[in-house]
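This is how it looks when you write it as structure tokens:
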């Protein structure tokens with residue numbers, strides 16, 4: 004079931020749904036709809052650091068890849 008963005012945001016804020024990771028560059032949700040296989044990349048959290056505090060980036064979008072330190076896809 005797909006939900007409008009504002010409804011999804013309010014459910015995530017109320018903890019009714021787990022928060023989808025958001026890109027550290029563009030701020031959009033990173034979902035499996037972005038492509039098959041791995042759709043994000045980012046550093047591994049330090050010991051004791053929450054994984055939600057570590058920025059992740061879209062693997063399939065060139066501006067996000069560049070912001071995260073990877074070369075653009077050709």
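Numbering (my numbering), first residue to last: 4 to 77.
No residue lacks a Cβ here, since even glycine has one placed at the ideal position from N, Cα and C.
Query                                                                                                                           : Result
Once the 5 residues before and after residue 61 are set aside, which same chain residues still bring their CB inside 8 Å of it? : 26, 28, 29, 31, 33, 37, 42, 43, 67, 68
Checking 8 Å against the spacing of the C-beta atoms, do residue 57 and residue 71 come in under that value?                    : no
Is there at least one Cβ from chain B nearer than 8 Å to residue 59's Cβ?                                                       : This model lacks chain B altogether; it includes just one protein chain.
The alpha helix (DSSP H) that contains residue 70, what's its start and end?                                                    : 65–70
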